[in-house]
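Enquirer: Here it is, the structure in full.
Residue numbers (the working numbering), protein chains in the order written: chain A, 8 to 344; chain B, 8 to 344.
As structure tokens, then:
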């Protein structure tokens, strides 16, 4: 197997750091690791497979010679920099929302729609965190019973908003313990001991961009625009791990037991569904894991063909860095680079 | 107006203490306050309208002479003690789940179905916290547009599990700040920085008792068993204030704007719905308030007639003590005692 020269853009951020860690554990042989970030992180040294690499300032010329690059630099920088990398022959796997809905750009969760990758595309989009874990569970059910409609409510961890948000929750909790009130800068309100039905920007429909991502990205990844989805996305005071309450209406009947068996044998999905022993997916048990966890699978008795499910995944791993590295692994495995 | 002799059973608990505080602010003239609890709380002195009353051990004879009693003693004690009080001519307003589904017992949210009270019933049930705030919002919409189906996911505060659960979350947060792991006794798993899709006991359908309460109590209070409801109830690390993501399908079309206007003029409901200014209901703003807050009212585009709403209320006030005292106020106002 040839060795790859890999770039990580946004290497100073929460997801960027996870990308380094996940890539380290991956089977991909790495000849060179080029860590790129803003000036704030430049100069920092990062160890990777027993060697140290230094974070450099992102400049288009630094893309030259890379085989592929994992981008987690945010939408604005990605819109500018990804084409620069592609121009230099680099395959870009981008974690931002910039390219996801571009009809030319594949939006990929390897277990769900890896087969859309042909090797020709130089820009590949990594889906939104809350979408990835949902499609991991929806796809096998869709294949078995055709999903007509989904009503989803999310419980999203603060690490989804980056490291500053993690520090904000920590600061607020420390302040609470000392009997003080802490500031909020990342979020419009306190997040400690609170929940915020507000992730990303609101539009004129009253929905947030995060809620629309769950609708449109899901349809694109599953490849079926007829699946109807309505979402309510909510931030909760959890550090790591998004949870989702998912209500599904299917065309064909599928019983909870069948759905559980189906999901238990789905690669990348772990069934944790023994509520009588208090076993169900939770953020604290999903954190640090690369799989998607599903449980509390119940018949929805209000519909002829309805199911309720509870889906949890680590938003920085399967929801971001893990899926991005998996896309790279898929490309390597299928000789598409 | 005559003065009332009032009992509070379970006066040592979280809800019992709120009952004292809410009754204090109520217009009900109180001649005597009899505070009853287990031995653990007996002897404790509680101030009420400038006078001190002492908590006594609950004994059936102590009910004699009371006009009405607010019970928050849990299901088991209520099943034994409420009939003892009724036998002695006391009107009981019971906060436990013991009597709620008894066809002889009215289950009351005064703004929604106060008119079921005739003065003949000596035992009146206070609904489950998460049900009360939901029906406050469902009822006016049902009257206007006929609700066919509801999909609800809750975000419930730890105070709903009593004072021990509040202390458990506090202990876990203090331990976290000190870099230690804290114990869990009240909940089967850590609640700090976690979410638990588990409230009350599971049955063979995979639903919890809490989830079935939201179904059956809602149908009973609204007085329409044709309303279909499916619920997922989740504990979150919030001290006070339950939040609910409510998806509604109606028979007649009702636009978000109409629904908002309707709810804004509903007694006991406060509309907080200006997301572009980050205004929506939250636990930290609902805590300490007796109203039910609703916002994020949006059309559900996946249905011809669908709405999404976000509903928050203080689970100890409107969800428990506040509603119980309101029932007493209703009885006093309508001369039903």
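Beta carbons are placed, not taken as given, at the ideal position from N, Cα and C, and that holds for glycine.
1) In chain A, which residues lie with their C-beta within 8 Å of the C-beta of residue 243/B?
2) Helix or strand or just coil, what does DSSP make of residue 4/B?
3) Would you check if the distance between the CB atom of residue 62/A and the CB atom of residue 42/A is smaller than 8 Å?
4) Please confirm if the segment 133-153 of chain A is in contact with the segment 114-125 of chain A, defined as three or more CB-CB distances below 8 Å between the two stretches.
5) Residue 291/B versus chain A: which residues are under 8 Å apart at the beta carbon?
6) Taking contact to mean 3 or more Cβ pairs, one atom from each stretch, closer than 8 Å, check whether the segment 78-89 of chain B and the segment 102-118 of chain B are in contact.
7) Going by the CB atoms, is the gap between residue 256/B and residue 155/B shorter than 8 Å?
8) Residues of the segment 248-266 of chain B in Cβ contact with chain A at a cutoff of 7 Å, in chain order, please.
9) For residue 238/B, write down the residues that DSSP places opposite it in a beta bridge.
10) Are three or more beta carbon pairs between the segment 305-317 of chain A and the segment 328-335 of chain A nearer than 8 Å?
11) Note down the Cα distance separating residue 196/B from residue 318/A, rounded to an integer number of angstroms.
12) Does the segment 237-253 of chain A come within contact of the segment 269-280 of chain A, defined as at least 3 CB pairs closer than 8 Å?
13) Starting from the C-beta of residue 60/B, find all residues in its chain whose C-beta is less than 6 Å away, skip the five residues before and the five after it, and write them out in chain order.
14) Using CA coordinates, which residue listed in 275/B, 73/B, 224/B and 202/B is at the minimum distance from residue 249/A?
15) If I'm right that residue 322/B touches residue 223/B with Cβ under 8 Å, what's the distance once you round it to whole angstroms?
16) Give the single residue among 265/B, 278/B, 153/B and 23/B whose Cα lies nearest to the Cα of residue 169/B.
17) Does the distance from the C-beta atom of residue 112/B to that of residue 225/B stay below 8 Å?
18) Counting only beta-carbon separations shorter than 8 Å, does residue 236/B have a partner in chain A?
19) Of all the residues that make up the segment 90-121 of chain A, which are near chain B by a beta-carbon distance shorter than 7 Å?
20) What residues in its chain sit with their C-beta under 8 Å from that of residue 183/A, if we drop five residues either side in the sequence?
21) Quick check on residue 149/A - is its C-beta less than 8 Å from some C-beta in chain B?
22) Please list the residues of the segment 312-331 of chain A that have a C-beta atom closer than 8 Å to any C-beta atom in chain B, keeping them in chain order.
23) Please identify the residue among 64/A, 326/A, 13/A and 179/A whose C-alpha is closest to the C-alpha of residue 46/A.
24) Leaving out five residues before and five after residue 220/B in sequence, what residues of the same chain have Cβ atoms less than 7 Å from its Cβ?
25) Quick one: what does DSSP say residue 194/A is sitting in, helix, strand or coil?
26) Below 8 Å CB to CB, which residues in the same chain sit around residue 21/B once its five sequence neighbours on both sides are set aside?
27) Locate the beta strand (DSSP E) running through residue 314/A, then write down its first and last residues.
28) Tell me, please, whether the CB atom of residue 37/A is closer than 8 Å to any CB atom in chain B?
29) Can you tell me the Cβ-Cβ gap for residue 130/B and residue 89/B, rounded? I've got them flagged as a contact below 8 Å.
30) Do residue 70/B and residue 95/B have their beta-carbon atoms positioned less than 8 Å apart in this structure?
31) Using a Cβ-Cβ cut-off of 7 Å (strictly less than) and excluding sequence neighbours within five positions of residue 107/A, which residues of its own chain qualify?
32) Kindly indicate the opening and closing residues of the alpha helix (DSSP H) around residue 181/A.
33) Show which residues of chain A have a CB atom less than 9 Å away from the CB atom of residue 287/B.
34) Judging by CA-CA distance, which residue of 297/A, 302/A, 343/A and 307/A is the nearest neighbour of residue 330/A?
35) Using a Cβ-Cβ distance cut-off of 8 Å, determine whether residue 346/A contacts chain B.
Expert: Inspection of the coordinates gives the following:
1) For the purposes of this step, residue 243/B is taken as the residue at position 236 of the second chain. Within chain A, the residues near residue 243/B are 162, 202, 243 and 244.
2) Residue 4/B lies beyond the range of chain B shown here (8 to 344); nothing can be said about it.
3) Sequence index remark: in the first chain, residue 62/A carries index 55 (1-based). Sequence index remark: in the first chain, residue 42/A carries index 35 (1-based). Their beta carbons are under 8 Å apart, which means residue 62/A touches residue 42/A by this criterion.
4) yes
5) Sequence index remark: in the second chain, residue 291/B carries index 284 (1-based). Result: 196, 197, 200 and 201.
6) yes
7) Position 148 of the second chain, counted from the start, is the residue given in the question as residue 155/B. Position 249 of the second chain, counted from the start, is the residue given in the question as residue 256/B. Contact: yes.
8) 250, 252, 254 and 263
9) Looking up residue 238/B in the second chain gives position 231. Answer by DSSP bridge pairing, in chain order: 159/B.
10) no
11) In the second chain, residue 196/B corresponds to position 189, counting from 1. In the first chain, residue 318/A corresponds to position 311, counting from 1. In a straight line, the C-alpha of residue 196/B is about 17 Å away from that of residue 318/A.
12) no
13) Along the second chain, read from residue 1 onward, the residue named residue 60/B stands at position 53. Around residue 60/B: 40, 42 and 53.
14) Taking the first residue of the first chain as 1, we reach residue 249/A at position 242. Ranking 275/B, 73/B, 224/B and 202/B by Cα distance to residue 249/A puts 202/B first.
15) On the second chain, residue 322/B is found 315 positions in, with the first residue counted as 1. On the second chain, residue 223/B is found 216 positions in, with the first residue counted as 1. Residue 322/B to residue 223/B, Cβ: 19 Å. No contact.
16) As a working mapping, residue 169/B is identified with position 162 in the second chain. Among 265/B, 278/B, 153/B and 23/B, the Cα nearest to that of residue 169/B belongs to 23/B.
17) Within the second chain, residue 112/B is the residue found at index 105, counting from 1. Within the second chain, residue 225/B is the residue found at index 218, counting from 1. No, the pair does not count as a contact, with Cβ atoms beyond the cut-off.
18) Position 229 of the second chain holds residue 236/B. It does; some Cβ of chain A falls within 8 Å.
19) none
20) The residue given as residue 183/A occupies position 176 in the first chain. So the qualifying residues of the chain are 189, 199 and 200.
21) As a first step, residue 149/A is located in the first chain; it is residue number 142 there, counting from the start. For residue 149/A, the answer is no, since every Cβ of chain B falls outside 8 Å of its Cβ.
22) 313, 315 and 317
23) Counted from its first residue, the first chain places residue 46/A at position 39. Taking only the C-alpha atoms, the option nearest residue 46/A is 64/A.
24) Taking the first residue of the second chain as position 1, residue 220/B is located at position 213. Cβ within range, chain order: 104, 135 and 138.
25) Along the first chain, read from residue 1 onward, the residue named residue 194/A stands at position 187. In the structure shown, residue 194/A sits in coil (DSSP, three-state: anything other than H, G, I, E or B).
26) Translated into the one-based positions of the second chain, residue 21/B becomes position 14. Cβ neighbours of residue 21/B beyond the five flanking positions: 166, 169, 170, 173 and 323.
27) In the first chain, counting from the first residue as 1, residue 314/A sits at position 307. Element bounds for residue 314/A: 313-320.
28) Numbered from its first residue, the first chain carries residue 37/A at position 30. So, not an interface residue.
29) Working through the second chain from its first residue, we reach residue 130/B at position 123. Working through the second chain from its first residue, we reach residue 89/B at position 82. Indeed they touch by this definition, with Cβ atoms about 6 Å apart.
30) Taking the second chain and counting its residues from 1, the one referred to as residue 95/B is at position 88. Taking the second chain and counting its residues from 1, the one referred to as residue 70/B is at position 63. Contact flag set, yes.
31) Start at 1 with the first residue of the first chain, and residue 107/A comes out as number 100. Here the set comprises 114, 132, 134 and 224.
32) As a first step, residue 181/A is located in the first chain; it is residue number 174 there, counting from the start. Looking at the DSSP string, the run of the alpha helix (DSSP H) that includes residue 181/A is 170-184.
33) Taking the second chain and counting its residues from 1, the one referred to as residue 287/B is at position 280. Simply 203, 204 and 205.
34) On the first chain, position 323 is the one that residue 330/A refers to. Closest by alpha carbon: 297/A.
35) As shown, chain A starts at 8 and ends at 344. That puts residue 346/A outside it, with no answer to give.
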